[in-house]
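Asks:
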Amino acid sequence: MTAPYLGRIRYRWCHNCGVPVLRGDTCPRCHRKLEKIELSPPGEVKPVFKPEIDWIASIIDRDYGAGVGKKFFGEERIVLMNKAPGEDRVDEIIMRGRIYAVMRYDLKKDKFMVLFHPVSFGRIQNAISGHYVVADRGAIPSILSGKNLMRPGVLDFSDDIEKDDYVIVLDEEDNIIASGVAKADSDEISKGKGVAVKVKYRGFEREPPRQSASWRTFIEVNKQIIRDIESRSIAEIRKVIEKYRLPVVVSFSGGKDSLVALALTIEAGVPFEAVFLDTGIEFPQTVEYVERVSRYFNIKITTVKSKDRFWKGVEYFGPPGRDYRWCCKLVKTGPITRYYVKEYPNGALTIIGQRKYESSTRRHAGKLWRNPWTPKQISFSPIQEWSSLEIWAYIMYKGLPINELYVKGFYRIGCYLCPAGEVGDWEKIKEEYPEGFERWINVLRKYFTDEEIKKGAWRWREPPVFMKNILRKITRVEKRGLEIITRLGSDKGIRIKLNRDPRVVAYRTLHPLGHVTSKEDIIVVNSIVLGEDYIEGPKDAVKNAFELVKRGYECVGCGICLGYCPTGALSLERDEKIAINPELCIRCQRCLGVCPVIKF
13 MTAPYLGRIR YRWCHNCGVP VLRGDTCPRC HRKLEKIELS PPGEVKPVFK
63 PEIDWIASII DRDYGAGVGK KFFGEERIVL MNKAPGEDRV DEIIMRGRIY
113 AVMRYDLKKD KFMVLFHPVS FGRIQNAISG HYVVADRGAI PSILSGKNLM
163 RPGVLDFSDD IEKDDYVIVL DEEDNIIASG VAKADSDEIS KGKGVAVKVK
213 YRGFEREPPR QSASWRTFIE VNKQIIRDIE SRSIAEIRKV IEKYRLPVVV
263 SFSGGKDSLV ALALTIEAGV PFEAVFLDTG IEFPQTVEYV ERVSRYFNIK
313 ITTVKSKDRF WKGVEYFGPP GRDYRWCCKL VKTGPITRYY VKEYPNGALT
363 IIGQRKYESS TRRHAGKLWR NPWTPKQISF SPIQEWSSLE IWAYIMYKGL
413 PINELYVKGF YRIGCYLCPA GEVGDWEKIK EEYPEGFERW INVLRKYFTD
463 EEIKKGAWRW REPPVFMKNI LRKITRVEKR GLEIITRLGS DKGIRIKLNR
513 DPRVVAYRTL HPLGHVTSKE DIIVVNSIVL GEDYIEGPKD AVKNAFELVK
563 RGYECVGCGI CLGYCPTGAL SLERDEKIAI NPELCIRCQR CLGVCPVIKF
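The opening position of the sequence shown corresponds to residue 13 in this note's numbering, with each subsequent residue numbered one higher.
1. Less than 8 Å separating the beta-carbons of arginine 334 and arginine 471?
2. Restricting to runs no shorter than 3 residues, where is the beta strand (DSSP E) found entirely within the stretch 79-131?
3. Please state whether the Cβ-Cβ distance between glycine 77 and glycine 142 is less than 8 Å.
4. Do isoleucine 90 and phenylalanine 295 have their beta-carbon atoms positioned less than 8 Å apart in this structure?
5. Quick one, are the C-beta atoms of valine 305 and leucine 271 less than 8 Å apart?
6. Determine the DSSP secondary structure at leucine 167, reduced to helix, strand or coil.
7. Based on the DSSP output, what are the partners of threonine 349 in its beta bridges?
8. Evaluate contact between the stretch 325-342 and the stretch 484-504, counting only Cβ atoms and requiring at least three cross-stretch pairs below 8 Å.
9. When you compare each of Ile590, Asp148, Gly543 and Gly505 to threonine 521 by their alpha carbons, which one comes out closest?
10. Using only alpha-carbon positions, find the residue among Leu456, Gly267, Asp186 and Gln297 that is nearest to isoleucine 364.
11. Quick one: Cα of proline 594 to Cα of glycine 501, how far?
12. Beta carbon of glycine 330: closer than 7 Å to some heavy atom of the ligand MN?
13. Could you tell me the distance, in whole angstroms, from the CA atom of serine 263 to the CA atom of lysine 319?
14. Check for me: the alpha helix (DSSP H) holding alanine 553 runs from which residue to which?
15. For the candidate residues Tyr117, Arg116, Ile111 and Gly150, whose alpha-carbon lies nearest to that of valine 131?
16. What residue does the alpha helix (DSSP H) around lysine 235 start on, and which one ends it?
17. Express the C-alpha separation of isoleucine 180 and valine 146 in angstroms, rounding to a whole number.
18. Of the residues Tyr336, Ile173, Lys324 and Leu412, which one's Cα is nearest the Cα of leucine 615?
19. Out of curiosity, what's the CA-to-CA distance linking isoleucine 407 and aspartate 66?
20. I'd like the span of the alpha helix (DSSP H) that includes arginine 507, first residue to last.
21. State the DSSP-derived secondary structure class of proline 59, mapped to helix, strand or coil.
22. Taking a contact to mean a Cβ-Cβ separation below 8 Å, would you say isoleucine 189 touches valine 166 in this structure?
23. Given this structure, state the Cα-to-Cα distance separating aspartate 75 from aspartate 199, to the nearest angstrom.
24. Can you check the stretch 357-402 for any beta strand (DSSP E) of at least 3 residues that lies completely inside it and give the ranges in chain order?
25. My output table needs one value for alanine 147: the three-state DSSP class, helix, strand or coil.
26. Bridge partners for threonine 498 per DSSP, in chain order?
27. Taking Cβ positions, are cysteine 339 and glycine 325 nearer each other than 8 Å?
28. What residue ranges within the stretch 157-204 form continuous beta strand (DSSP E) runs of no fewer than 3 residues, ordered along the chain?
29. Could one say the Cβ of glutamate 219 lies closer than 8 Å to chain D's Cβ atoms, at least one of them?
30. Which same chain residues end up closer than 8 Å to valine 33 when comparing Cβ atoms and leaving out the 5 residues on each side of it in sequence?
31. With the cut-off set at 8 Å, would you say lysine 440 and glycine 468 are in Cβ contact?
32. To the nearest angstrom, report how far apart lysine 95 and lysine 58 are at their CA atoms.
33. By DSSP, does serine 141 sit in helix, in strand, or in coil?
34. From this set, Glu300, Lys212, Pro54 and Ser70, which residue's C-alpha is nearest leucine 127's C-alpha?
35. What residue does the alpha helix (DSSP H) around valine 419 start on, and which one ends it?
36. Taking DSSP as the reference, what is the three-state secondary structure of phenylalanine 133?
Shown next as structure tokens:
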């Protein structure tokens with residue numbers, strides 16, 4: 013998989029001070045030239061804390077033998093991890109400005125595996141007792157020149173190897189000469205002809221010198237850079253607020269980026285309201301953390317709750333997917349839209365913790381934009397140009413409280429069952445929120461087999477090729493509700509035959525198209541005719557009528573359309589179904605095309 017380019021990777025490493033430097037080509041403290049860190053884009057680097065170090069060490073020990081994980085990490089106090097592209101979670105483990113290993117979650121094997129780079133070979137020398145292959149002396153020159161290890165060149169091997177496991181290649185003196193992928197199980201790896209180990213990395217690379225640096229050193233070295241970034245962002249916040257003169261709202265999610273956006277707004281010294289959107293599918297730790305942040309800053313954080321909207325929505329839509337993200341509109345956009353319509357009818361300026369390095373969409377959004385779902389809301393991200401390591405540097409510099417889930421190895425904090433997440437994180441999710449995890453698995457079992465769930469196939473409505481290669485057969489979740497059975501041309505334009513009677517909801521939903529009247533057994537709206545099982549009329553008019561009828565039947569009460577109505581004609585009734593006041597509706601039709609029932 014190719015990683016997107018989302019911006020220049022600015023990190024460098026000072027080998028004299030032993031720390032990463034956020035920006036520039038020379039060290040701010042010792043003024044020596046910095047070395048580039050070779051990272052996979054987009055370069056979303058994060059610190060690795062002790063609980064995660066211990067977890068990675070346990071994975072290494074499982075495969076390569078007891079104690080290898082401890083030798084690998086040694087006494088390092090600054091360990092970084094960079095998210096790399098892959099079918100599931102792939103992480104580059106960085107120490108002393110080099111990639112020492114890559115950890116990957118294998119969807120076929122259902123486990124994490126660690127592949128060592130040559131710079132780490134010296135650390136784990138003479139400690140390997142598993143996942144190793146000993147190469148014949150005569151095979152070593154060809155391996156070092158770029159060839160794979162062939163089966164006739166295998167002298168010995170551990171008995172725990174399965175095909176496609178990561179392995180270490182040793183010489184007869186137990187020196188590590190390469191690492192790669194086993195192409196056969198232990199009982200076949202030395203038999204016959206063919207490749208025994210597909211070599212990925214070979215040779216020996218000397219480690220950079222060790223410095224007694226810590227995260228405290230990192231902050232001391234980067235202090236002025238952090239201050240400069242902070243000053244620019246605070247100035248931008250004040251400038252945007254002065255320009256628009258709207259009430260200020262800080263959107264706080266419980267994650268690291270919104271924490272920094274909140275802290276910067278507080279530093280700017282402007283009045284604001286902080287709002288946390290509880291989607292109903294948050295980690296309990298995040299909900300508790302929001303309360304802790306409120307106490308830390310001594311501010312009120314308003315909680316907008318989605319309640320059980322997700323669980324109701326999944327009954328209609330089925331499980332969400334990366335290509336079927338109805339959930340964001342239902343549990344995020346809808347509730348927050350209703351809140352803004354009620355509390356900020358004349359508009360608001362929302363400070364958001366969004367960065368371009370997170371995705372292509374966010375890169376192209378820019379720092380300032382008008383929210384498409386709540387047109388009177390202007391959104392501004394003061395950290396748009398910040399890298400993830402700059403976010404962490406600011407948090408450390410200010411001593412801000414962090415969500416404990418980051419310490420345990422989570423890259424992102426959000427809805428725990430998000431389809432954008434990776435299967436490799438499921439064990440962590442299960443450990444941190446077993447009740448929520450089990451509830452979601454029980455929902456998925458209504459649609460998918462256990463194997464499909466385990467492999468994460470539910471995360472797409474149309475699975476990618478690699479997932480189809482892993483699972484020969486994948487269940488497709490059928491759409492539900494009001495559907496078009498046939499489309500036929502007619503003398504009036506087009507007639508669509510439906511599986512339900514559109515007249516049932518006509519008086520409730522069709523006012524944006526015109527005056528609604530009935531004639532015998534049909535309903536007429538301008539040139540549109542609705543019968544027992546059909547809608548007929550001009551093509552575009554029929555399309556709009558179908559959308560409104562479908563919305564009337566299947567409204568899940570998200571409230572997104574409320575933010576588009578300039579006259580307040582739309583409302584949610586007690587049953588949380590949309591209703592239109594014909595006396596207030598001016599038929600501007602701005603509420604069309606925004607309903608998740610239609611879009612997904």
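Glycine included, C-beta positions come from ideal geometry on N, C-alpha and C.
Replies: The relevant details are as follows:
1. yes
2. 92-95, 102-107, 110-118 and 123-128
3. yes
4. no
5. yes
6. strand
7. Note: threonine 349 sits in no beta bridge, so no partner.
8. yes
9. Ile590
10. Gly267
11. 31 Å
12. Ligands in the displayed structure: none, and consequently the ligand MN is not present.
13. 18 Å
14. 551-566
15. Ile111
16. 227-256
17. 9 Å
18. Residue 615 is absent from the structure shown; the chain starts at 13 and stops at 612.
19. 23 Å
20. It is not in any alpha helix (DSSP H) - arginine 507 instead sits in the beta strand (DSSP E) that spans 505-510.
21. strand
22. no
23. 17 Å
24. 360-363, 380-382 and 389-392
25. strand
26. Lys509
27. yes
28. 166-169, 178-182 and 188-194
29. The structure shown contains no chain D, having only a single protein chain.
30. Tyr23, Arg24, Trp25, Cys26, Cys39, Pro40, Leu46, Val233, Asn234 and Ile237
31. no
32. 9 Å
33. coil
34. Lys212
35. 416-419
36. coil
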